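Student: One structure, as structure tokens, below. Some questions next.
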Amino acid sequence: MTLYPKLIRDILATVIYPGTKKNLVESGMVADNLHIDGNSVSFSLIFPRDTDPFIKSTVKSAEATLKLKLGDDVDVKIATEFKSAPRPEVEKLLPNVKNIIAVSSGKGGVGKSTVSANLAIALAK
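Residues in the sequence shown are numbered from 6 upward in steps of one, following this note's numbering.
So, in structure tokens, the structure goes:
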């Protein structure tokens with residue numbers, strides 16, 4: 006059987022991702038790095054986060070479905086990727102402050118306020 010990308014995507018469209026109750030293609034989980042070399046197929050599945058509870062079961066299900074439809078002689082390699090959340094813009098809370106020094110202790114009454122005040126006075130000079 007000749008392997009081609011549309012065939013692979015059509016087969017993956019029969020695998021349901023439990024997190025969205027949609028198939029892998031509809032969920033946008035099949036990466037664009039689909040590579041076919043003879044009887045070898047490799048691609049990545051993109052999961053919403055690295056702590057997704059369905060990673061192992063989804064990868065096994067995709068691999069089993071591909072082998073069932075294409076035959077056991079097909080070598081399937083599935084990598085996992087994770088969506089990175091965009092970092093929010095951090096506004097400057099203290100625009101005139103260059104550095105912050107934190108003074109801490111695990112208990113009270115050890116002179117944190119005194120040390121902080123002395124540091125502030127010494128650094129202000």
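Where is the CB? At the ideal position from N, CA and C, for every residue including glycine.
Predicted, not measured: the structure shown is a model, and the values here were computed from it.
When you compare the CB positions of Leu71 and Ile16, do they come within less than 8 angstroms of one another, or not?
Tutor: Contact flag set, yes.
Student: Sort Val20, Thr25 and Val35 by Cα distance to Pro10 and report the nearest one.
Tutor: When only C-alpha atoms are compared, the closest one is Val35.
Student: Rounded to whole angstroms, what is the Cα-Cα separation between Ala18 and Lys88?
Tutor: Approximately 20 angstroms, taken between the alpha carbons.
Student: Under the rule that 16 or more other beta-carbon atoms within 10 Å means buried, what is Val46, buried or exposed?
Tutor: Burial call: buried.
Student: Go to Val81, then tell me how far its beta strand (DSSP E) extends in each direction, as first and last residue.
Tutor: Taken as a continuous stretch (DSSP letters only), the beta strand (DSSP E) holding Val81 covers Asp80 to Phe87.
Student: CB Asn38 to CB Phe48, shorter than 8 angstroms?
Tutor: Cβ atoms of Asn38 and Phe48: closer than 8 angstroms.
Student: Sort out for me which residues DSSP pairs Asp42 with in a bridge.
Tutor: Looking at the DSSP assignment, Asp42 forms a beta bridge with Ser45.
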